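Residue numbers (the working numbering), protein chains in the order written: chain A, 378 to 719; chain B, 378 to 719.
Backbone N, C-alpha and C fix where the C-beta goes; we use that ideal spot for every residue, glycine too.
The model shown is predicted, which means the values in this text are computed figures rather than measured ones.
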């Protein structure tokens with residue numbers, strides 16, 4: 378997929394990001410690097426700690442590609458405050474490298490809000506994009522549906538929802554190879570007349586576009602796979618995403634509860650457990666390689682705080698793919714074409 | 378629980394409402410009546426059809442309590458249009474009986490939108506209530522959480538969310554006997570500062586109230602049971618409700634899919650199925666007796682189109698309970714007390 382005429386992709390990984398940093402970040406990043414030499418890897422963070430992980434795990438990594446920083450943005454830090462008060466943190470330094478075109482992509486499993494703030498404020502938006510969007514992957518009966526937005530921004534205006542649809546469509550086309558992906562607007566009924574003020578206006582904008590807009594979809598359609606891109610305000614998407622996580626936990630709880638009521642139940646649950654586990658593998662976020670933050674003028678991938686080395690590896694490989702597919706430029710060109718209806 | 382000084386409760390059941398009308402509606406209503414003689418029951422609909430169900434099932438029912446109507450609002454009819462163009466439909470006639478104080482409660486598993494329109498436009502709102510709300514029940518680790526609103530209205534204003542909280546709290550207290558029920562505002566983060574414009578303002582209103590307001594909750598908390606009443610705009614609540622239904626169907630789909638891959642898988646799934654079924658019984662809406670439409674100046678209960686006789690029976694008994702607990706007056710008095718902050 379690599380275009381030999383393009384300069385080599387440079388990916389920066391936040392070694393200090395995530396609940397198991399620097400271990401998981403370093404192991405995952407180097408694993409990705411060893412499996413695909415088509416990019417240059419930089420690790421940003423406290424050098425001694427990074428080197429210790431490398432040594433402890435008998436790995437080799439070019440010392441010059443470790444960028445030393447002295448500060449750490451903690452998971453509990455207030456995002457915008459932190460990126461101001463901690464200029465020598467791995468998140469701020471990583472974002473600056475992308476801003477200054479010294480790197481093409483930044484990957485972090487650190488403080489989500491700080492990553493979003495750094496990406497939006499330091500790297501900046503793609504010209505023509507009003508608001509960047511964070512997407513997520515939800516399994517469906519036949520594959521995976523993407524949902525934009527799931528938390529980058531609330532109180533989205535109709536034009537923002539339109540932008541999410543454009544960016545989501547490009548992402549799905551370029552990364553999943555789905556031509557003309559179907560786009561659905563999340564609402565409270567399938568009819569054109571159902572929705573709130575914002576979605577009713579967004580519906581009209583989407584109808585005018587060249588996107589493969591199928592109209593409104595309902596909550597139950599999200600997991601049905603009837604569309605490739607679900608578009609919604611970040612307030613709704615975030616609540617949905619976390620509700621889905623809650624659903625998985627209540628299932629686990631019900632299983633435990635059922636098992637506690639006698640030996641026979643316990644045996645049944647043991648059998649059920651492995652079956653369910655196999656089935657629910659689809660819901661495992663690690664497989665999907667982090668959520669892309671689209672609309673930022675550079676590649677930025679945000680991982681779950683509890684990312685495993687495998688999750689980090691997949692995030693790095695996803696960043697490489699986004700670079701190869703020229704996602705940022707494609708979004709810029711596409712949104713430019715819609716300037717007349719926005 | 379009945380107050381002997383109160384006049385006998387009069388409940389009207391829409392015999393034509395639901396996918397299996399008049400059969401399920403008539404059987405469920407008469408079953409409720411036979412199990413609790415503390416109320417008077419009226420069946421509204423096409424008399425011959427109602428009587429046929431009664432005869433076919435060897436039941437007895439007072440002929441004078443069957444109110445004959447000639448029109449039927451179908452499931453696909455446009456709500457507000459239908460209640461205007463079909464004045465002799467069971468839904469319009471039932472709502473009018475409550476409006477004219479000839480009945481205390483109206484129960485229907487018919488066209489949800491038409492029931493909502495008839496309740497709001499014909500029966501009318503409780504003085505001081507800006508918008509009625511439809512609630513739903515969601516199972517949680519320890520019992521059941523209620524969610525208001527799940528579809529009565531979109532683009533709710535902060536004062537509407539406040540009203541949902543007041544009405545939901547009274548419902549949970551009176552019907553479930555939970556003193557001082559915990560109220561959570563559905564948002565994208567637990568901190569006071571997280572939310573959209575509407576929830577941020579609603580948060581401040583709720584903080585000033587005497588409700589047991591615990592603050593913002595997130596999507597994952599809905600099923601955790603950390604609060605008794607979840608408050609949200611109907612757009613969000615409706616999407617959440619239908620997403621939950623979708624989650625249950627994808628689980629079933631995954632089971633079928635897994636079972637299709639070999640005999641051993643099939644056997645395992647057979648075992649899993651009964652276990653899951655027992656566990657997921659909590660998710661069965663029939664147990665909960667329909668969703669209450671609160672804020673209407675009379676008792677109105679809306680059932681699922683596919684309501685079984687058991688579901689209808691539980692809806693009727695729920696209506697009786699709401700009458701006994703004087704829910705409508707309690708809501709009116711409570712909202713009056715908050716007039717200074719609204």
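In whole angstroms, what is the alpha-carbon distance linking residue i and residue j?
| i | j | result |
| --- | --- | --- |
| residue 585/A | residue 568/A | 17 Å |
| residue 505/B | residue 670/B | 16 Å |
| residue 543/B | residue 576/B | 15 Å |
| residue 433/A | residue 686/A | 15 Å |
| residue 580/A | residue 610/B | 20 Å |
| residue 445/B | residue 713/B | 39 Å |
| residue 551/A | residue 709/B | 57 Å |
| residue 407/A | residue 388/A | 11 Å |
| residue 636/A | residue 628/B | 20 Å |
| residue 483/B | residue 676/B | 6 Å |
| residue 618/B | residue 588/A | 28 Å |
| residue 692/A | residue 391/A | 12 Å |
| residue 590/A | residue 607/A | 10 Å |
| residue 397/B | residue 549/A | 43 Å |
| residue 694/B | residue 413/B | 8 Å |
| residue 415/A | residue 447/A | 29 Å |
| residue 466/B | residue 460/B | 8 Å |
| residue 547/B | residue 704/B | 7 Å |
| residue 463/A | residue 455/A | 11 Å |
| residue 699/B | residue 519/B | 24 Å |
| residue 458/B | residue 496/B | 14 Å |
| residue 443/B | residue 452/B | 22 Å |
Residue i: which of the options sits nearest, CA to CA?
| i | options | result |
| --- | --- | --- |
| residue 431/A | 620/A, 712/A, 403/A | 403/A |
| residue 386/A | 692/A, 679/A, 710/A, 417/A | 417/A |
| residue 500/A | 512/A, 478/A, 621/A, 428/A | 478/A |
| residue 507/A | 498/A, 523/A, 423/A, 615/A | 498/A |
| residue 449/B | 509/B, 619/B, 399/B, 552/B | 399/B |
| residue 535/B | 484/B, 524/B, 578/B, 684/B | 578/B |
| residue 556/A | 605/A, 527/A, 488/A | 605/A |
| residue 612/A | 452/A, 471/A, 438/A, 510/A | 510/A |
| residue 684/B | 597/B, 473/B, 487/B | 487/B |
| residue 621/A | 638/B, 601/B, 640/B | 601/B |
| residue 421/B | 395/B, 471/B, 459/B, 603/B | 471/B |
| residue 481/B | 697/B, 453/B, 538/B, 719/B | 697/B |
| residue 646/B | 643/A, 642/A, 651/A | 651/A |
| residue 562/A | 541/A, 532/A, 553/A | 541/A |
| residue 615/B | 554/B, 525/B, 560/B | 525/B |
Taking the DSSP output, what are the residues bridged to residue i?
| i | result |
| --- | --- |
| residue 593/B | 562/B |
| residue 466/B | 448/B |
| residue 515/B | 522/B |
| residue 510/A | 671/A |
| residue 644/A | According to DSSP, residue 644/A bridges with nothing at all. |
| residue 386/B | 416/B |
| residue 483/B | 389/B, 677/B |
| residue 421/A | 391/A, 444/A |
| residue 607/A | 524/A, 561/A |
| residue 502/A | 673/A |
What residues of chain A sit near residue i, judged by a beta carbon separation below 9 Å?
| i | result |
| --- | --- |
| residue 574/B | 531, 532 |
| residue 433/B | Within 9 Å Cβ-Cβ: nothing; residue 433/B doesn't reach chain A, min ~35 Å. |
| residue 596/B | 615, 616, 617, 618, 619, 620, 621, 622, 623 |
Within 7 Å of any Cβ in chain B, is that where the Cβ of residue i sits?
| i | result |
| --- | --- |
| residue 617/A | yes |
| residue 602/A | no |
| residue 652/A | yes |
| residue 713/A | no |
| residue 565/A | yes |
Quick one: which chain A residues come within Cβ less than 8 Å of residue i?
| i | result |
| --- | --- |
| residue 560/B | Within chain A, no residue comes near residue 560/B; the closest Cβ sits about 17 Å away, beyond 8 Å. |
| residue 599/B | 620, 623 |
Using the beta-carbon of each residue, which ones in chain B are nearer than 8 Å to residue i?
| i | result |
| --- | --- |
| residue 627/A | 516, 517, 518, 600, 601 |
Of all the CB atoms in chain A, is at least one closer than 7 Å to the CB of residue i?
| i | result |
| --- | --- |
| residue 648/B | yes |
| residue 643/B | no |
| residue 612/B | yes |
| residue 379/B | Legend: pLDDT at residue 379/B = 49, less than 50; position of this residue unreliable, no value from coordinates given. |
Which residues in chain B have a C-beta closer than 7 Å to the C-beta of residue i? List them in chain order.
| i | result |
| --- | --- |
| residue 630/A | 518 |
| residue 528/A | 565 |
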